[in-house]
Amino acid sequence: MPDAPPDDSPREITGLVTRSTGSWYDVRTDSGEDVRARIRGKFRLEAETIDETNPLAVGDRVTLQMQEDETGLVTAIAPRENQLSRRAAGHRARSEHVIVANVDRAWCVQSTFQPKLNPGFVDRMLIAAEASHIPAGLILNKSDLLEGKPRAQDALAFWSELYEGLGYPVLFTSAETGEGVEAFRQRLAGAVSVVSGPSGVGKSSLLNAIEPDLGLRVSEVSEKTNKGRHTTTFATLLEAAGGWVADTPGIREFGIWGMAPEELGGYFVEFRPFLGECRYPNCTHDHEPGCAIQDAVDEESITPERYGSYLNILESVRKEYRADEEADWRRRDVRPDVWEEPEE
Ligand code: GDP
Ligand code: ZN
0 MPDAPPDDSP REITGLVTRS TGSWYDVRTD SGEDVRARIR GKFRLEAETI
50 DETNPLAVGD RVTLQMQEDE TGLVTAIAPR ENQLSRRAAG HRARSEHVIV
100 ANVDRAWCVQ STFQPKLNPG FVDRMLIAAE ASHIPAGLIL NKSDLLEGKP
150 RAQDALAFWS ELYEGLGYPV LFTSAETGEG VEAFRQRLAG AVSVVSGPSG
200 VGKSSLLNAI EPDLGLRVSE VSEKTNKGRH TTTFATLLEA AGGWVADTPG
250 IREFGIWGMA PEELGGYFVE FRPFLGECRY PNCTHDHEPG CAIQDAVDEE
300 SITPERYGSY LNILESVRKE YRADEEADWR RRDVRPDVWE EPEE
């Protein structure tokens, strides 16, 4: 038998970061305890050099060294599978704020009516998830409102087949009747999930149906406004269905972040087989001659709906990219890091 470790050796435990307040973190240890933890200054410095504003995010797996006062000191952070980020605010506008790490799936929640399904929102979120290497899926809530409306049923069937055909799971749910709630519960079990969608689609109602203890506030669609609802940008993991759901106040909009226009096509899964075949290697598939994506649209291998969505997103990606480049130049003008005498 190996010797038992000496009693005075610091106790090391591993766990999951479930809440972050900037300086203190809540960690659920693998044995099920909640421990308050701090981080070594060293990690903070490392994060700054790689342009992240926070060294540790909810969803991170950490090793803690237990202190005498029963708080933990984070001594190691496991490499991340993926991370969901947003652009940090203010003067660090170009650095990355990691909202959640190690996400198993991002669910885009939409409703059939009140508000109607918004495919543009869905595609933006799917593209953001693809860019972060996070598997995504679609929830179509308020299925009860389809009752007796055959045209709306056809329309919703069209969209659900389209997204399922692309490989994204689609679930019809109703927080009102309970349809699909059990299926959604099973998908959340044992996983870290992000649930995101426009205001009023029924995210809170659905999560309450799955886990009544959450007691999330449900409000009338008409009284929903995005302004001022959240003042904090710190994410939390909520316990639901034996898994974790990330509450992500910072990303109501699921922005597409730091992407070059010629990269975008790679995040439309059905574009991928054609991407190497365009005449120009940096083709953006909207005006260039000899474009394999435009040919695939003509041949109906790519739907006009998704291609239209691509063009819309491309426009906003271009705008943002240009603004970023201009900001870079301005910064250089104001505070040059290096300058040399011009050569003779
Ligand atoms: P959230 O903003 O996405 O969190 O949406 P809420 O959960 O606050 O719900 C917004 C409104 O939609 C509330 O009036 C809910 O009662 C209603 N609602 C939520 N889910 C359903 C549903 O499945 N069917 C119907 N008919 N109404 C729902
Ligand atoms: Zn092309």
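Letter 63 of the sequence shown, counting from 1, is numbered 62 in numbering that gives the first Met the number 0, and no numbers are missing. Even glycine gets a Cβ: it sits at the ideal position worked out from N, Cα and C.
What residue range does the beta strand (DSSP E) around residue i cover?
| i | result |
| --- | --- |
| F157 | No beta strand (DSSP E) contains F157, which is instead part of the alpha helix (DSSP H) from P149 to G164. |
| V16 | E11 to S19 |
| G257 | Neither: G257 is in no beta strand (DSSP E) and is coded neither H nor E. |
| I76 | G71 to I76 |
| R39 | Segment: none, R39 is in no beta strand (DSSP E) and carries neither H nor E. |
Looking only at DSSP bridge pairs, what is residue i linked to?
| i | result |
| --- | --- |
| E238 | W243 |
| C107 | L137 and S195 |
| S84 | V97 |
| T62 | T13 and A75 |
Check residue i in the structure and name its three-state DSSP category.
| i | result |
| --- | --- |
| W328 | helix |
| G402 | Nothing about residue 402 can be read from this structure; the chain reaches only from 0 to 343. |
| A188 | coil |
| Y167 | coil |
| Y309 | helix |
| A182 | helix |
| L55 | coil |
| Y24 | strand |
| V344 | Any answer about residue 344 is impossible in this case: the structure gives the chain only from 0 up to 343. |
| D33 | strand |
| R278 | coil |
| A322 | helix |
| L213 | helix |
| I285 | One point to set straight first is that residue 285 is Asp, not Ile, in the sequence displayed. Coil. |
| F112 | coil |
| D68 | coil |
| S218 | coil |
| S142 | helix |
| E175 | coil |
| R91 | Reliability of the predicted coordinates at R91 is poor, the pLDDT of 47 falling under 50, and the value obtained from them is presented with this limitation in mind. Looking at R91 - three-state DSSP - the assignment turns out to be helix. |
| P272 | helix |
| I301 | coil |
| N225 | Because N225 sits at a pLDDT of 45, beneath the cut-off of 50, its placement in the model cannot be relied upon, and the point is left open. |
| T230 | No answer about T230 holds up, because its pLDDT of 44 lies below 50 and its placement is not dependable. |
Can you name the start and end residues of the alpha helix (DSSP H) that residue i belongs to?
| i | result |
| --- | --- |
| L205 | K202 to I209 |
| V296 | A291 to D297 |
| A119 | According to the sequence shown, residue 119 is Gly rather than Ala. Element bounds for G119: P118 to A130. |
Tell me whether the beta-carbon of residue i lies closer than 8 Å to the beta-carbon of residue j.
| i | j | result |
| --- | --- | --- |
| G350 | R35 | A query on residue 350 cannot be resolved here, the shown segment of the chain reaching from 0 to 343 and no further. |
| D29 | R18 | no |
| I209 | A239 | yes |
| A190 | R104 | yes |
| T111 | A151 | yes |
| N140 | L206 | no |
| V194 | K202 | yes |
| I292 | F270 | yes |
| V316 | P272 | no |
| D122 | S308 | yes |
| S22 | R39 | no |
| V268 | L116 | no |
| A188 | G241 | yes |
| Q64 | E129 | no |
| L274 | L237 | no |
Please look up how many angstroms separate the CB atoms of residue i and residue j, rounded, as I've assumed it's under 8 Å.
| i | j | result |
| --- | --- | --- |
| G71 | A245 | Actually they do not touch by this definition, with Cβ atoms about 21 Å apart. |
| V169 | G136 | 7 Å |
| V99 | L83 | 5 Å |
| N101 | R79 | 6 Å |
| C277 | G289 | 6 Å |
| V61 | V16 | 6 Å |
| L344 | T302 | Since the displayed the chain opens at 0 and closes at 343, residue 344 lies outside it and no answer follows. |
| P114 | G199 | 6 Å |
| L313 | D285 | 6 Å |
| D171 | S131 | Note on residue identity: the sequence assigns Phe, not Asp, to residue 171. Not confirmed; about 26 Å, so no contact. |
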